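Trainee: The first sequence: position 204 = 204 (full-length UniProt numbering), numbered continuously.
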Amino acid sequence: MDAIIVTFCCVLLCQGQKKIAANGQGVDRYRVLLSDGKFSHSSALLATQLNGKVTSGELEAFTIIRLNKFMCNTLPNGKQVLILLDLDVIAPGSEVANRIGNPQPYKSPDQSGQPTQNRAEAPSNETVTRQPPNNNRPEAPKSNGFYGAQPAVRKPYSAQKVSKPAEGTPSKVHPIDSLTPYQNRWTIRARVTSKSNIRTWSNSRGEGKLFSMNFLDDSGEIRATAFKSEVDKFYDFIQLNKVYYISKATLKTADKRYSSLANDYEMTFNSDTQVIPCEEEVDLPTIKYNFIPIGKLSETAANNTVDVIGVVRSVGDITKVIAKQSQKEITKREVFLVDEGQVQVRLTLWSSDAENFDGSGNPVLAIKGCRLSDWGGRSLSSLSQSQMIMNPDVPEAHKLRGWYDDIGHTMDYSEFQSDGSSGAGGGYATNWKTFDDVKKQNIGQDKPEYFTTKATIVFLKKENCMYMACPAEGCNKKVVDLANGLYRCEKCSKEYPNYKWRMILTANLADFSENQWVTFFQETAEVVLGRSADEIGQMRESDEAQFEQLFQEASFKSYIFKLRAKMETYNDETRLKTVCVQASPVNFHEYSKKIIEDIEKLLVV
DNA sequence: CCCCCCCC
1 MDAIIVTFCC VLLCQGQKKI AANGQGVDRY RVLLSDGKFS HSSALLATQL
51 NGKVTSGELE AFTIIRLNKF MCNTLPNGKQ VLILLDLDVI APGSEVANRI
101 GNPQPYKSPD QSGQPTQNRA EAPSNETVTR QPPNNNRPEA PKSNGFYGAQ
151 PAVRKPYSAQ KVSKPAEGTP SKVHPIDSLT PYQNRWTIRA RVTSKSNIRT
201 WSNSRGEGKL FSMNFLDDSG EIRATAFKSE VDKFYDFIQL NKVYYISKAT
251 LKTADKRYSS LANDYEMTFN SDTQVIPCEE EVDLPTIKYN FIPIGKLSET
301 AANNTVDVIG VVRSVGDITK VIAKQSQKEI TKREVFLVDE GQVQVRLTLW
351 SSDAENFDGS GNPVLAIKGC RLSDWGGRSL SSLSQSQMIM NPDVPEAHKL
401 RGWYDDIGHT MDYSEFQSDG SSGAGGGYAT NWKTFDDVKK QNIGQDKPEY
451 FTTKATIVFL KKENCMYMAC PAEGCNKKVV DLANGLYRCE KCSKEYPNYK
501 WRMILTANLA DFSENQWVTF FQETAEVVLG RSADEIGQMR ESDEAQFEQL
551 FQEASFKSYI FKLRAKMETY NDETRLKTVC VQASPVNFHE YSKKIIEDIE
601 KLLVV
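1) Kindly indicate which three-state DSSP category Y467 falls into: helix, strand or coil?
2) When you compare only the Cα positions, how much space is there between residue 661 and T253?
3) With 16 as the cutoff for other CB atoms within 10 Å, does N571 come out buried or exposed?
4) With distances taken Cα to Cα, identify the nearest neighbour of D405 among E340, L349, S351.
5) Under 8 Å between the Cβ atoms of C580 and L563?
6) Which value, in whole angstroms, describes the spacing of the CA atoms of V394 and V173?
7) As an exercise, report each continuous alpha helix (DSSP H) stretch of at least 4 residues that is fully enclosed by the segment 197–237, in chain order.
8) Report yes if the CB atom of D307 is closer than 8 Å to the CB atom of G377, and no otherwise.
9) Go through the UniProt domain "Replication factor A C-terminal" (450–594) residue by residue and report every complete run of the alpha helix (DSSP H) that reaches 4 residues or more, in order.
10) Taking 8 Å as the threshold (C-beta atoms), are F269 and A226 in contact?
11) Out of I238, G206, R189, L210, which has the shortest C-alpha to C-alpha gap to I198?
12) Give me the Cα-Cα distance between K328 and K69, rounded to the nearest whole angstrom.
13) Tell whether a beta-carbon distance below 8 Å holds between V338 and G361.
14) Given L529, which residues of its chain have a CB within under 7 Å of its CB, disregarding the five upstream and five downstream residues?
15) Please classify G402: does DSSP put it in a helix, a strand, or coil?
16) Could you tell me the boundaries of the beta strand (DSSP E) in which E266 lies?
17) Is N508 closer than 8 Å to V458 when the C-beta atoms are compared?
18) Could you give the C-beta distance for M503 and M539, rounded to a whole number, given that I count them as a contact under 8 Å?
19) For N68, does the three-state DSSP call read helix, strand or coil?
20) Less than 8 Å between the C-beta atoms of V89 and T55, yes or no?
21) Can the beta-carbon of R31 be found closer than 8 Å to that of A44?
22) Does the segment 343–352 come within contact of the segment 270–288, defined as at least 3 CB pairs closer than 8 Å?
23) For A354, name the three-state secondary structure that DSSP assigns.
24) When the Cα of V391 is compared with those of T410, Y413, I367, which residue comes out closest?
25) Under three-state DSSP, which class holds F62?
26) Taking the alpha carbon of D534 as the reference point, which residue from E544, Q552, K500 has its own alpha carbon closest?
27) Taking contact to mean 3 or more Cβ pairs, one atom from each stretch, closer than 8 Å, check whether the segment 213–228 and the segment 262–277 are in contact.
28) So what does G310 bridge to, in DSSP terms?
29) Which partner residues does H41 have in the DSSP bridge list?
30) Residue range of the beta strand (DSSP E) that T253 falls in?
31) Would you mind stating whether A262 and G220 have Cβ atoms separated by less than 8 Å?
32) Please confirm whether T300 and I292 have their CB atoms less than 8 Å apart.
33) Going by the beta-carbon positions, is the gap between residue 613 and K439 smaller than 8 Å?
34) Does the beta-carbon of D236 have 16 or more other beta-carbons within 10 angstroms, so that it is buried, or is it exposed?
35) Going by other Cβ atoms of all chains shown within 10 Å of its Cβ, with 16 needed for buried, is T574 buried or exposed?
36) Which residues does DSSP list as the beta-bridge partners of Q385?
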């Protein structure tokens, strides 16, 4: 299936690419000079989704590329502009290092008046026969990689005849997969697979209302949004699961944070947009997934919207929390999903999703469009747009069912680990140690090691717990008080009229087994003292008694501490240094569960 | 032109 024929190699000849301008969204556009050794073509733009190849240095000058997907726009003056949509680097420019051949500027027939001479060398769709990589869309009816050819030369890409067009319906439809912002004469025929409620917004740029929907056809899917007057025009008219002909909407680059659809673009309805019901019976899919294996979620950008499928391994009870912003009480439920990669992920369901959830019998759960959070390493959270289906009739679900019933139910699963910057310490930590363990097992002696423990602060050292630090962003160096109202940072070699307070707090922690000296830097010190470093610094200067009181109150409190033990050498003396990377309140529900598990393990032996 | 989706 992967028969790739390299038919069109291009060399970037000049000083590589040239940044031309930012488009309306502040995204840079790059122009590339292409050559196939015989002709060169300077009117080629890199699709913005390929910008990463420029910024990463992959597309340096003289790089040989294979162009998998592109489109050609002919301007009114006859000039042909190529938009490069998908390409692979065949040889890096540093290896090629030279121009190949003596390419002459390519002129389109309209421009040059030499109709066919260059044609064979020019990018026509016959020269590109590779199946595009296709983003896991094997059903996509792609026959070539050429999008939006000039009508005089080619029929529009994959145009299909509609058997019995109803009155006023278009004679041909385009696959969703072929839509780009560079071509606006298209009609799609697609099923509405999701439709949001009407939402209003109000911000500094204005206010209004909107709703959004997903369209799906055999080739792919696309999200569309209607604003203000288009809401009035289309909201009641467009119905979930119905099939429509849609044309004349605006296309723009999709933001992956808000959509899991495998499409680089999305639609905005405008005043010209036409939506016509499709009256004939058409066989179009009702849902399409772009599943990310659970283990791969750590390689997916946090805050993206994703599709995930897994076996419900365990289900938590409904709990209630108060939302910080709205102060409203909301219900939630935590569900744990696993797959063959032997990684478990937590999915938090909200409100009615939480209330209606029945995970008995370890069903397979597919969720389309849920938020990937970096809490606790990686976790999932359902959104109002999320579509959850139990035991869907898709191959992935059948495979998971068989695997779980066969061996999956007996397996152990690893969990995502927080990097300390966010996330669930307490109940979800795996490397639990007592301070006695730390000493007896030589934790951190060979390499730095993170561990979690429940412990109590028995002593906080007030002396030298804070210092005046450089106010520059990211520079935490101690400043020298020049006693003239200025503070000098040696690192920045600069004098500032101000400083910020930074904390290095030494504490003695104890659990039932042992005690341990631990260092708390800024963020964790602020957690255990319950005040910001600035407040504490001011307090120390203005109200010594209150400062004392603060330390009294912080003592003998217990937390779930995530600690890092590491050998450090200072003044020729090497010893274990333990730093707190996270201090979390004890979640007694979770912690009790852990203790019960510990006891059960003891009983088994 | 939204893009909030909650809690630990």
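The beta-carbon is built from N, C-alpha and C at its ideal position, and this holds for glycine as well. These figures come from a predicted structure and were not determined experimentally.
Mentor: Put simply:
1) strand
2) In this structure the chain extends from 1 to 605, so residue 661 is not present and cannot be described.
3) exposed
4) E340
5) yes
6) 27 Å
7) 228–234
8) no
9) 522–529, 533–542, 544–554
10) yes
11) L210
12) 49 Å
13) no
14) I536, L550, A554
15) helix
16) 265–268
17) yes
18) Not confirmed; about 12 Å, so no contact.
19) strand
20) no
21) yes
22) no
23) helix
24) The sequence as given places Asn at residue 391; Val does not occur at that position. Answer by Cα proximity: I367.
25) coil
26) K500
27) yes
28) L365
29) L34
30) 250–253
31) yes
32) yes
33) Given that the chain is displayed from residue 1 to residue 605, the structure contains no residue 613 and the question cannot be resolved.
34) exposed
35) exposed
36) In the DSSP output, where bridge partners are listed per residue, Q385 has none listed.
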